[in-house]
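Visitor: Shown below is the structure under consideration.
2 protein chains.
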Amino acid sequence: MTRHYNFCAGPAALPAAVLERARSELLDYQGRGLSVMEMSHRSDEFVAIAERAETDLRTLLNIPSNYKVLFLQGGASMQFAMLPMNLLGGGGSANFIQTGIWGKKALSEAKHLGYRCHLAASSEASGNTAVPALDALAISNDAAYLHYTSNETIGGLKFDYTPVVKRDDGSDVPLVCDMSSNILSGPINVSDFGVIYAGAQKNIGPAGLTLVIVRDDLLGKTVPGAPSLFDYQLLAEAGSMVNTPPTYAWYLAGLVFQWLQNDMGGLSAMDALNQRKADKLYAAIDASAFYSNPIARANRSRMNVPFVLADAALDNVFLQEADEAGLLNLKGHRSVGGMRASLYNAVPEEAVDALIAFMADFEQRRG
Amino acid sequence: MTRHYNFCAGPAALPAAVLERARSELLDYQGRGLSVMEMSHRSDEFVAIAERAETDLRTLLNIPSNYKVLFLQGGASMQFAMLPMNLLGGGGSANFIQTGIWGKKALSEAKHLGYRCHLAASSEASGNTAVPALDALAISNDAAYLHYTSNETIGGLKFDYTPVVKRDDGSDVPLVCDMSSNILSGPINVSDFGVIYAGAQKNIGPAGLTLVIVRDDLLGKTVPGAPSLFDYQLLAEAGSMVNTPPTYAWYLAGLVFQWLQNDMGGLSAMDALNQRKADKLYAAIDASAFYSNPIARANRSRMNVPFVLADAALDNVFLQEADEAGLLNLKGHRSVGGMRASLYNAVPEEAVDALIAFMADFEQRRG
Chain A
11 MTRHYNFCAG
21 PAALPAAVLE
31 RARSELLDYQ
41 GRGLSVMEMS
51 HRSDEFVAIA
61 ERAETDLRTL
71 LNIPSNYKVL
81 FLQGGASMQF
91 AMLPMNLLGG
101 GGSANFIQTG
111 IWGKKALSEA
121 KHLGYRCHLA
131 ASSEASGNTA
141 VPALDALAIS
151 NDAAYLHYTS
161 NETIGGLKFD
171 YTPVVKRDDG
181 SDVPLVCDMS
191 SNILSGPINV
201 SDFGVIYAGA
211 QKNIGPAGLT
221 LVIVRDDLLG
231 KTVPGAPSLF
241 DYQLLAEAGS
251 MVNTPPTYAW
261 YLAGLVFQWL
271 QNDMGGLSAM
281 DALNQRKADK
291 LYAAIDASAF
301 YSNPIARANR
311 SRMNVPFVLA
321 DAALDNVFLQ
331 EADEAGLLNL
341 KGHRSVGGMR
351 ASLYNAVPEE
361 AVDALIAFMA
371 DFEQRRG
Chain B
11 MTRHYNFCAG
21 PAALPAAVLE
31 RARSELLDYQ
41 GRGLSVMEMS
51 HRSDEFVAIA
61 ERAETDLRTL
71 LNIPSNYKVL
81 FLQGGASMQF
91 AMLPMNLLGG
101 GGSANFIQTG
111 IWGKKALSEA
121 KHLGYRCHLA
131 ASSEASGNTA
141 VPALDALAIS
151 NDAAYLHYTS
161 NETIGGLKFD
171 YTPVVKRDDG
181 SDVPLVCDMS
191 SNILSGPINV
201 SDFGVIYAGA
211 QKNIGPAGLT
221 LVIVRDDLLG
231 KTVPGAPSLF
241 DYQLLAEAGS
251 MVNTPPTYAW
261 YLAGLVFQWL
271 QNDMGGLSAM
281 DALNQRKADK
291 LYAAIDASAF
301 YSNPIARANR
311 SRMNVPFVLA
321 DAALDNVFLQ
331 EADEAGLLNL
341 KGHRSVGGMR
351 ASLYNAVPEE
361 AVDALIAFMA
371 DFEQRRG
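Residue numbers (the working numbering), protein chains in the order written: chain A, 11 to 377; chain B, 11 to 377.
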């Protein structure tokens, strides 16, 4: 068996320790004589797995008790529809900060559904290379919530602040954040947010699971005619088991949470490690005349590092040689081209070191 | 490692051969140095896995080329909302045959969403012990489709015919079937149906994957304001990859399809095996004065066999002794009580033999 270094943007690398644990109990979970995949979601065994995952996540992120944690399906893109349907039942508009492709899709879906939308700020005109400043946000007075994307996976752009805002009358605007590509990369202050959500397939677990963390007072405001399975309140009351949840993905997410806490030392330690990994890769890019990254330093993503070669004609040979060297999935998103190295939690520092060494060698030979 | 016999109604038993194959390549898929879970859904490797799964399913079910196959999330319950939103854009009403809890939920969700619904027939008054006869179906003249549940998982009731119907003017009514608990248990004539759908967690694979087989001419009739991820046409155009699909569940479903074709001899062979398994269990129940099943013989499910003990006070000791004998998850659904043995494809004939032997022994000792 060989394990290569996997820089995929998602579905992404999972910790080898988690995969090994999953493998060891794939056919027989703790002597029960069946796989976790084969258990009723209402069995004592699975309920214990599900509850432990939630408890461990609450510990990792220090989630206050007035927040519900939901384990859902459909990906972050399904949340683009579920969010306005859950939060606009009391009227008002959805406000958006747009800093890249995912934030744009979130706005586009809310518009498609016919909801009133307001663009509070956008960095599109400047090519999404820096996030708007807090004082540049123009929140509408009827804002029911403000949505933003804390880390744009494709652009490699991250917020370096939390855009907590108020309406002109001084009232708080619930902050809704798509954290798909940087959740669990370090500590956050959950109390700043009304809703945090994330597709699992970057820092949580396999694709097919979506995490939603929602503040109690935002429940029960669903618009009429929303699908029952979209209703956060119903989902929360049923412990995310209105119908059968994605049990195996939930179990694997739980193993990732245990790995983060027990093997990696929790999110402060992950934060330092992720900073170190990103810093050394950006330093290598900046020190080179051959590689470049266009993002403002303060907004450079620690999770997704896009870079281009001075000569795009070398892209394919770069990718092929990287692949042969065991450095997988470095191709940039088709909408932007170039390269992208995703450095999620499960990508070890050795992988970053190996990538930097390969890049230096490639530049020397081909640059 | 021990593998017990698992009679769970879902998530349900998976073939040991499939789990063993998954285990062998869990950390390294065919020498590529990463898990299937860690692959981009747009990578050559995963696209090949996804396409092979669809091709194998098309072969197994003999799906005509004018049907699209979708691999989705959300379970059959999400389809309860997606179906009317996809099929009622041209007007008309949703017609339903109700033979148990799942058919009732499908109707209830369409009503909840505000769509015109018509109950074409129901077996509720008679306790859902037999399905309505074809000539008892009262289809409305504005019927956009007729929905039914070919096998009610909780009641253990199956249709012994396919309710192909016409409107008074002779035009066809698209037939929509929830086959969650009996798909792939034997051959079907796909051309009889407009839409076939099924949650994966019984006969297809792990929870978190939903299969939809939809006829071409039913695409593009989505109601205004439906979520983009609900739109069968958009999903079909994107090969079920509008956003990241549940890749690992899709891969496992593909392994199940290969097992059905290569190890089990296809669906005609499965059909005979499933008939034999069910026949012998019902024969044992009928021959006993201690166990009983209330369903009309022609409508007895081959997949889910509910039965009660003559003395309900013995239920708990029956379940406990069964569990100790390695016969797991025989408890009936909480809404009906008693016992239920689910005999899906992955439950081997030896499991049924062991259950029958245990039941006879229990009756002798305790009956």
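Glycine included, each C-beta is placed from N, C-alpha and C at the ideal position.
Could you tell me whether the stretch 80 to 99 of chain B touches the stretch 50 to 60 of chain A, using the rule of 3 or more Cβ pairs below 8 Å?
Guide: Too few Cβ pairs lie closer than 8 Å, so no.
Visitor: Kindly give me the distance between the Cβ atoms of residue 201/A and residue 213/A, rounded to whole angstroms, as I take these residues to be in contact under 8 Å.
Guide: As a working mapping, residue 201/A is identified with position 191 in the first sequence. As a working mapping, residue 213/A is identified with position 203 in the first sequence. That pair is no contact at about 21 Å.
Visitor: Which runs of the beta strand (DSSP E) spanning at least 3 residues fall entirely within the stretch 174 to 221 of chain B, listed in chain order?
Guide: Inside the stretch 174 to 221 of chain B, DSSP marks whole beta strand (DSSP E) runs of 3 or more residues at positions 185 to 188 and 205 to 209, from first to last along the chain.
Visitor: Straight-line CA distance for residue 168/B to residue 289/B?
Guide: Translated into positions along the second sequence, residue 168/B becomes position 158. Translated into positions along the second sequence, residue 289/B becomes position 279. Between residue 168/B and residue 289/B, the C-alpha separation is close to 14 Å.
Visitor: Could you have a look at residue 307/A and say whether DSSP puts it in helix, strand or coil?
Guide: As a working mapping, residue 307/A is identified with position 297 in the first sequence. DSSP, read as helix, strand or coil, puts residue 307/A in helix.
Visitor: Mark residue 241/A as exposed unless 16 or more other C-beta atoms lie within 10 angstroms of its C-beta, in which case mark it buried.
Guide: Numbered from its first residue, the first sequence carries residue 241/A at position 231. By the neighbour-count rule (16 or more Cβ atoms within 10 Å), residue 241/A is buried.
Visitor: Quick check on DSSP: helix, strand or coil for residue 56/B?
Guide: Taking the first residue of the second sequence as 1, we reach residue 56/B at position 46. Note: residue 56/B maps to helix in three-state DSSP.
Visitor: Between residue 337/B and chain A, is any beta-carbon pair separated by less than 8 Å?
Guide: For the purposes of this step, residue 337/B is taken as residue 327 along the second sequence, with counting starting at 1. No - not a single Cβ of chain A is within 8 Å of the one on residue 337/B.
Visitor: Run down chain A in chain order and give the residues with a C-beta less than 9 Å from the C-beta of residue 26/B.
Guide: As a first step, residue 26/B is located in the second sequence; it is residue number 16 there, counting from the start. The answer, in chain order, is 37.
Visitor: Report the residue ranges of all alpha helix (DSSP H) runs contained in full by the stretch 51 to 127 of chain B; include only those spanning at least 4 residues, in chain order.
Guide: 54 to 71, 85 to 97 and 111 to 122
Visitor: So which residues of chain A does residue 33/B contact, with C-beta pairs closer than 8 Å?
Guide: The residue you call residue 33/B lines up with position 23 of the second sequence. What residue 33/B touches in chain A: 33, 36 and 37.
Visitor: Who pairs with residue 350/A in a beta bridge, going by DSSP?
Guide: Reading the first sequence from its first residue, position 340 is the one you call residue 350/A. Beta-bridge pairing links residue 350/A to 316/A.
Visitor: What is the C-beta distance between residue 55/B and residue 39/B, in whole angstroms, given that I count them as a contact (C-beta under 8 Å)?
Guide: On the second sequence, residue 55/B is found 45 positions in, with the first residue counted as 1. On the second sequence, residue 39/B is found 29 positions in, with the first residue counted as 1. In this structure residue 55/B touches residue 39/B by the C-beta definition: roughly 7 Å separates them, less than 8 Å.
Visitor: Checking contacts by CB at 8 Å: is residue 243/A closer than that to chain B?
Guide: The residue labelled residue 243/A in the question sits at position 233 within the first sequence. No, because no Cβ of chain B sits closer than 8 Å to the Cβ of residue 243/A.
Visitor: Can the beta-carbon of residue 97/B be found closer than 8 Å to that of residue 155/B?
Guide: Counting from 1 along the second sequence, the entry for residue 97/B is found at position 87. Counting from 1 along the second sequence, the entry for residue 155/B is found at position 145. Cβ distance < 8 Å, so residue 97/B and residue 155/B count as in contact.
Visitor: Residues of chain A with a CB under 7 Å from the CB of residue 264/B: which are they?
Guide: As a working mapping, residue 264/B is identified with position 254 in the second sequence. Neighbours of residue 264/B on chain A: none; closest Cβ ~15 Å, over 7 Å.
Visitor: Which of the residues in the stretch 68 to 89 of chain B, read from start to end, lie with their CB under 8 Å from any CB of chain A?
Guide: 83, 84, 85, 86, 87 and 88
Visitor: Measuring alpha carbon to alpha carbon, tell me which of 286/B, 122/B, 25/B and 376/B ends up nearest residue 322/B.
Guide: For this step, residue 322/B is matched to residue 312 along the second sequence. Minimum Cα distance to residue 322/B is reached at 376/B.
Visitor: Tell me, please, whether the stretch 20 to 29 of chain A touches the stretch 356 to 368 of chain A by the rule of three or more beta-carbon pairs shorter than 8 Å.
Guide: yes
Visitor: Taking just the CA atoms, how far does residue 104/A sit from residue 320/A?
Guide: The residue labelled residue 320/A in the question sits at position 310 within the first sequence. The residue labelled residue 104/A in the question sits at position 94 within the first sequence. One C-alpha to the other measures close to 41 Å.
Visitor: Nearest CA to the CA of residue 272/B: which residue from 66/B, 231/B and 149/B?
Guide: Numbered from its first residue, the second sequence carries residue 272/B at position 262. When only C-alpha atoms are compared, the closest one is 66/B.
Visitor: Please list the partners that residue 18/A has in chain B, where partner means a Cβ-to-Cβ separation under 9 Å.
Guide: Locating residue 18/A in the first sequence gives position 8, counting from the first residue. The contacting residues are 44, 48, 49, 50 and 53.
Visitor: Taking 8 Å as the threshold (C-beta atoms), are residue 337/A and residue 368/A in contact?
Guide: Counted from its first residue, the first sequence places residue 368/A at position 358. Counted from its first residue, the first sequence places residue 337/A at position 327. Yes, the pair counts as a contact, with Cβ atoms nearer than the cut-off.
Visitor: Does the stretch 233 to 252 of chain B come into contact with the stretch 268 to 286 of chain A, if we say contact requires no fewer than three beta-carbon pairs (one atom in each stretch) closer than 8 Å?
Guide: no
Visitor: For a cutoff of 8 Å on Cβ pairs, would you count residue 11/B as touching chain A?
Guide: Position 1 of the second sequence, counting from 1, holds the residue named residue 11/B. Yes - at least one Cβ of chain A is within 8 Å of the one on residue 11/B.
Visitor: Name the chain B residues that come within less than 7 Å of residue 211/A, Cβ to Cβ?
Guide: Within the first sequence, residue 211/A is the residue found at index 201, counting from 1. The contacting residues are 254.
Visitor: Per DSSP, what kind of secondary structure is residue 159/B in: helix, strand or coil?
Guide: The residue you call residue 159/B lines up with position 149 of the second sequence. Residue state, collapsed to three classes: strand.
Visitor: List the residues of chain A that residue 259/B touches, going by C-beta distances under 7 Å, in chain order.
Guide: As a first step, residue 259/B is located in the second sequence; it is residue number 249 there, counting from the start. Neighbours of residue 259/B on chain A, chain order: 218.
Visitor: Taking the alpha carbon of residue 219/A as the point to measure from, which residue in 227/A, 250/A, 243/A and 232/A has its own alpha carbon closest?
Guide: The residue you call residue 219/A lines up with position 209 of the first sequence. Among 227/A, 250/A, 243/A and 232/A, the Cα nearest to that of residue 219/A is on 250/A.
Visitor: As a quick exercise: from 211/B, 140/B, 224/B and 42/B, pick the residue whose alpha carbon is nearest that of residue 245/B.
Guide: For the purposes of this step, residue 245/B is taken as the residue at position 235 of the second sequence. Looking at the Cα atoms, 224/B is the closest of the given residues.
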